[in-house]
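*Asks:* This is the structure I want to talk about, given as structure tokens.
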Amino acid sequence: MNISIKGFNWEPVSAETNDINQIINKFGISEILARLLSTRDIGIERIDNFLNPTLRQNLPDPFHILDMEKAADIISDAIINNEKIVIFGDYDVDGATSSALLKRFFTMLKIEAEIYIPDRIEEGYGPNINAFASLKQNGANLIITVDCGTSSFEAINYGIESDLKIIIIDHHLSGDILPSAHAIVNPNRKDETTIYKSLAAVGVAFLAAIATTTKLRQKAFFQDKPEPELIKLLDIVAIGTICDVVPLDELNRTFVYQGLKILNKKENNAVKAFCNLLNIENCLTVYHLGYVIGPRINAGGRVGESSLGARLLSTEDLDEAIEIAKKLDHYNEERKAIEFIVYEQALEQARNQHNEDSLILVGGENWHPGVVGIVAGRLKDIMQKPVAVLSLNETYGKASCRSIHGIDFGSAVVAAKDAGILLSGGGHKMAAGFTVEHNKIDHLKKFLHDRFVEELKIIENKNTRYFDACLSVNSINLALAKEIEQIGPFGVSNHEPRFIIKNAFIAKVNIFGESHITCFIGCSESKNLSSLLKVNAFRAIDTDLGNHLLKTGNVLDIIGYLRINRWKGRETPEFIIEDVIPT
Numbered sequence: 046m047n048i049s050i051k052g053f054n055w056e057p058v059s060a061e062t063n064d065i066n067q068i069i070n071k072f073g074i075s076e077i078l079a080r081l082l083s084t085r086d087i088g089i090e091r092i093d094n095f096l097n098p099t100l101r102q103n104l105p106d107p108f109h110i111l112d113m114e115k116a117a118d119i120i121s122d123a124i125i126n127n128e129k130i131v132i133f134g135d136y137d138v139d140g141a142t143s144s145a146l147l148k149r150f151f152t153m154l155k156i157e158a159e160i161y162i163p164d165r166i167e168e169g170y171g172p173n174i175n176a177f178a179s180l181k182q183n184g185a186n187l188i189i190t191v192d193c194g195t196s197s198f199e200a201i202n203y204g205i206e207s208d209l210k211i212i213i214i215d216h217h218l219s220g221d222i223l224p225s226a227h228a229i230v231n232p233n234r235k236d237e238t239t240i241y242k243s244l245a246a247v248g249v250a251f252l253a254a255i256a257t258t259t260k261l262r263q264k265a266f267f268q269d270k271p272e273p274e275l276i277k278l279l280d281i282v283a284i285g286t287i288c289d290v291v292p293l294d295e296l297n298r299t300f301v302y303q304g305l306k307i308l309n310k311k312e313n314n315a316v317k318a319f320c321n322l323l324n325i326e327n328c329l330t331v332y333h334l335g336y337v338i339g340p341r342i343n344a345g346g347r348v349g350e351s352s353l354g355a356r357l358l359s360t361e362d363l364d365e366a367i368e369i370a371k372k373l374d375h376y377n378e379e380r381k382a383i384e385f386i387v388y389e390q391a392l393e394q395a396r397n398q399h400n401e402d403s404l405i406l407v408g409g410e411n412w413h414p415g416v417v418g419i420v421a422g423r424l425k426d427i428m429q430k431p432v433a434v435l436s437l438n439e440t441y442g443k444a445s446c447r448s449i450h451g452i453d454f455g456s457a458v459v460a461a462k463d464a465g466i467l468l469s470g471g472g473h474k475m476a477a478g479f480t481v482e483h484n485k486i487d488h489l490k491k492f493l494h495d496r497f498v499e500e501l502k503i504i505e506n507k508n509t510r511y512f513d514a515c516l517s518v519n520s521i522n523l524a525l526a527k528e529i530e531q532i533g534p535f536g537v538s539n540h541e542p543r544f545i546i547k548n549a550f551i552a553k554v555n556i557f558g559e560s561h562i563t564c565f566i567g568c569s570e571s572k573n574l575s576s577l578l579k580v581n582a583f584r585a586i587d588t589d590l591g592n593h594l595l596k597t598g599n600v601l602d603i604i605g606y607l608r609i610n611r612w613k614g615r616e617t618p619e620f621i622i623e624d625v626i627p628t
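Reading the sequence shown from the start, the letters are residues 46 to 628 in the numbering used here.
What follows is the structure, encoded as structure tokens:
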């Protein structure tokens, strides 16, 4: 048994030698890359597509999705008839990217369209009657909701009764009954049979743009004008797909893979603005999308002006983009300060809950609703349970939820809503949200506990974790890191490979950024101090992991990830520590 300091039994991923040799012979690649591919259940006939994913091979016919034909017909007619179109988006990154994608699509067609993003505090999530009434009064004919709308019955019914045309483009789980919109394009409708259920809303919006272009072509709209270059929208699709943490299956992975190419042309004003503001000179990666650009786009919706992210991603004016990026960077710093206070209070509550509870449910009066989702994500990582964090007022609580693999929080929220426990709610497997009255919080916790408890037992009994291959200190170099990068971009359903470095000794240790640790490690057999490898452990101070790493001379098996650190035009291999096994 290889029990780590985090309590996991680390075992190698099973790999068939015959499969590895077949891949090496067919594709002429290295043994390590062939091993990583062989364990991913790709199938040898699909490896070339996996290594070089193209839209030509992986893009589906958008019209196979329910209501896509209706939606494309209505949108194309609105374009031809010069009707006033409003895009009604959510305030998170997926909503901002979905809104900006459609805005940029209409701009390509020389059509003016308006974006409306509700205020998180004043209006809350999704369509509302007051907003629809105002849009109607200002001349709106067609409202397209993106990343929201599937659970907004009251507002949608009001809009229909007010003679608005309404199309819902969403990806959140639906209940048995759907709103009365003219078209509901959502791969997660209960009656939908598409295999593309893991799309983010921005991916669904991209397919809707393709379908609308097809309809416009059929209606001779392009007789005297060029068709839009939809591939240029993939930069926005990549940002939304990564930041919404959806599985990187074939289609989503293709969107991100190809979208990164468009992003790195740096033609988008939002990308130019962030690169200029944050001194990003290197090639943009998934890391930049998920941890640098994404949080800043999100910051306006969390603690500032909800519309800023969508405005930034859709503006044609570079000066405006630079000003918005500065605002969002300021709001992101404000968000961090608020998050720190809420996180400390939430963590104390979480640690006082019973170990037998199958979920963590915490809440505080007037916790800022813009940070509870982030706090839920951090608690989920620490507690390894599904988490709901509530911001409470005098009558009800609004929650953001984050789940662990194996537990579907979105469907649980939908079930609680159908059972009459919640005022509203929805989401998907890994993230959800709801509104609950004070007097029903205990009932809700029991409902969720009973739903999750058996699933959690199954997960907890599987305390085995897997690494993909063994590496030696001397084998780690830039060439190897670049080989591993070929099977990216990494995310849910395309995991980043884990490696184990056996019998490494800690030769030297530094602390940086108050909570991070850098170690210089060597091979315990030779203890050659002239060829040490630099490895990093983030947020490790005051943890069991950090305590082991801080002991110079310690010999450990180190588990982690091999990445490329790109800084000021230089590329170096970087090993990130996840866990260690004392030897």
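For glycine and all other residues, C-beta sits at the position ideal for the given N, C-alpha and C. Only a predicted model underlies this, so the values are computations on that prediction, with no experimental measurement involved.
#1: Could you give the distance in angstroms between the alpha-carbon of S403 and the alpha-carbon of R496?
#2: Run through the region 542-594 for me and flag every whole alpha helix (DSSP H) of 4 or more residues, listed as ranges in chain order.
#3: Going by Cα to Cα distance, which pick from H483, K381, Q390, A344 is closest to I369?
#4: Would you kindly check if the distance between the Cβ of W412 and the Cβ of V432 is under 8 Å?
#5: For a test of the three-state rule: what should DSSP assign to R234, helix, strand or coil?
#6: Give the secondary structure of C515 by DSSP, where H, G and I count as helix, E and B as strand, and everything else as coil.
#7: Which first and last residues belong to the beta strand (DSSP E) in which P627 is found?
#8: Hey, A246 and D139: beta-carbon distance below 8 Å or not?
#9: Report, in whole angstroms, the separation of the C-beta atoms of L278 and F133, which I expect to be a contact under 8 Å.
#10: Tell whether a beta-carbon distance below 8 Å holds between L516 and I551.
#11: When you compare each of Q429, S538, V537, T628 to S569 by their alpha carbons, which one comes out closest?
#12: Measure how close the beta-carbons of T299 and H109 come, nearest whole angstrom, since I'm counting them as under 8 Å.
#13: Would you mind giving the Cβ-Cβ distance between L218 and S456, rounded to the nearest angstrom? I have them listed as a contact below 8 Å.
#14: Within 10 angstroms of the Cβ of V32, are there 16 or more other Cβ atoms? Answer buried if so, exposed if not.
#15: Tell me which residue opens and which closes the beta strand (DSSP E) that N610 is part of.
#16: Here's a check: name, in chain order, each residue in its chain whose Cβ is nearer than 6 Å to the Cβ of P160, leaving out the five neighbours to either side.
#17: Assuming P163 and Y136 make a contact with CB atoms under 8 Å, what is their CB distance in whole Å?
#18: Looking at the unbroken alpha helix (DSSP H) that takes in A457, where does it start and where does it end?
#19: Taking the alpha carbon of R543 as the reference point, which residue from P534, T563, R510 has its own alpha carbon closest?
#20: How is T190 classed by DSSP in three states: helix, strand or coil?
#21: Look at the Cβ atom of L468, then the Cβ atom of L489, and state whether they are nearer than 8 Å.
#22: Do you know whose CA, among I427, L424, L501, L252, lies nearest D453's CA?
#23: Using the rule of at least 16 other Cβ atoms within 10 Å of the residue's Cβ for burial, across every protein chain shown, is S49 buried or exposed?
#24: From N97 to E312, what does the alpha carbon distance come to, in whole angstroms?
#25: Can you find the residues in the same chain that come closer than 8 Å, C-beta to C-beta, to F589, ignoring five residues on each side of it along the sequence?
#26: Tell me which residue opens and which closes the alpha helix (DSSP H) that S179 is part of.
#27: Of all the options T440, A461, V498, which has the alpha carbon lying nearest to the alpha carbon of H483?
#28: Please return the same chain residues whose Cβ sits closer than 7 Å to the Cβ of H593, not counting the five positions on each side in sequence.
*Replies:* Walking through what the data contain:
#1: Residue mapping note: residue 403 aligns to position 358 of the sequence shown, counting from 1. Residue mapping note: residue 496 aligns to position 451 of the sequence shown, counting from 1. Their Cα atoms are separated by approximately 9 Å.
#2: With a minimum length of 4 residues, the continuous alpha helix (DSSP H) runs that stay inside the region 542-594 are 589-594.
#3: Taking the sequence shown and counting its residues from 1, the one referred to as residue 369 is at position 324. Per the Cα distances, A344.
#4: As a working mapping, residue 432 is identified with position 387 in the sequence shown. As a working mapping, residue 412 is identified with position 367 in the sequence shown. Their beta carbons are not under 8 Å apart, which means V432 does not touch W412 by this criterion.
#5: Translated into the one-based positions of the sequence shown, residue 234 becomes position 189. Coil, per DSSP.
#6: Taking the first residue of the sequence shown as 1, we reach residue 515 at position 470. Three-state result, C515: strand.
#7: Position 582 of the sequence shown, counting from 1, holds the residue named residue 627. Counting along the chain, P627 sits inside the beta strand (DSSP E) bounded by residues 615-627.
#8: Start at 1 with the first residue of the sequence shown, and residue 246 comes out as number 201. Start at 1 with the first residue of the sequence shown, and residue 139 comes out as number 94. It is a contact, given that the beta carbons lie within the stated cut-off.
#9: Against the sequence shown, residue 278 aligns to sequence position 233. Against the sequence shown, residue 133 aligns to sequence position 88. No, L278 and F133 are not in contact; Cβ-Cβ is about 19 Å, not under 8 Å.
#10: Sequence index remark: in the sequence shown, residue 516 carries index 471 (1-based). Sequence index remark: in the sequence shown, residue 551 carries index 506 (1-based). Remark: C-beta atoms of L516 and I551 do not approach each other more closely than 8 Å.
#11: Translated into the one-based positions of the sequence shown, residue 569 becomes position 524. The residue with the shortest Cα to Cα distance from S569 is T628.
#12: On the sequence shown, residue 299 is found 254 positions in, with the first residue counted as 1. On the sequence shown, residue 109 is found 64 positions in, with the first residue counted as 1. Rounded, the Cβ-Cβ distance is 17 Å, inconsistent with contact.
#13: Sequence index remark: in the sequence shown, residue 218 carries index 173 (1-based). Sequence index remark: in the sequence shown, residue 456 carries index 411 (1-based). Rounded, the Cβ-Cβ distance is 6 Å, consistent with contact.
#14: Because residue 32 is not part of the residues shown, which for the chain are 46 to 628, the question remains open.
#15: Taking the first residue of the sequence shown as 1, we reach residue 610 at position 565. Unbroken beta strand (DSSP E) run through N610: 600-612.
#16: Looking up residue 160 in the sequence shown gives position 115. According to the sequence as given, residue 160 is Ile; it is not Pro. Answer for I160: I132, S144, K148, A355, listed in chain order.
#17: Taking the sequence shown and counting its residues from 1, one reaches residue 163 at position 118. Taking the sequence shown and counting its residues from 1, one reaches residue 136 at position 91. Separation of the CB atoms of P163 and Y136 is rounded to 7 Å, and the pair is thereby assigned contact status at 8 Å.
#18: On the sequence shown, position 412 is the one that residue 457 refers to. 454-463 is the span of the alpha helix (DSSP H), which, as asked, contains A457.
#19: Within the sequence shown, numbered from 1, the residue matching residue 543 stands at position 498. Here the closest residue by C-alpha is R510.
#20: Here residue 190 is taken as the residue at index 145 of the sequence shown, counted from 1. Per DSSP, reduced to three states, the secondary structure at T190 is strand.
#21: On the sequence shown, residue 468 is found 423 positions in, with the first residue counted as 1. On the sequence shown, residue 489 is found 444 positions in, with the first residue counted as 1. The answer is no: Cβ separation not under 8 Å.
#22: Residue 453 sits at position 408 when you count from the first residue of the sequence shown. The residue from I427, L424, L501, L252 with its alpha-carbon nearest to that of D453 is L501.
#23: Taking the sequence shown and counting its residues from 1, one reaches residue 49 at position 4. With at least 16 other beta carbons inside 10 angstroms of its own, S49 counts as buried.
#24: In the sequence shown, residue 97 corresponds to position 52, counting from 1. In the sequence shown, residue 312 corresponds to position 267, counting from 1. Approximately 23 Å, taken between the alpha carbons.
#25: By 1-based counting over the sequence shown, the position of residue 589 is 544. Note that residue 589 is Asp in the sequence shown here, rather than Phe. Excluding residues within five positions, the ones whose Cβ falls inside 8 Å are I50, K51.
#26: Here residue 179 is taken as the residue at index 134 of the sequence shown, counted from 1. From DSSP, the alpha helix (DSSP H) with S179 extends over 174-182.
#27: Residue 483 sits at position 438 when you count from the first residue of the sequence shown. The option with the nearest alpha carbon to H483 is T440.
#28: Here residue 593 corresponds to residue number 548 of the sequence shown, with the count starting at 1. Non-local C-beta neighbours of H593 in its own chain, meaning closer than 7 Å and more than five positions away in sequence, comprise I50, N599, L601, V625, P627, ordered along the chain.
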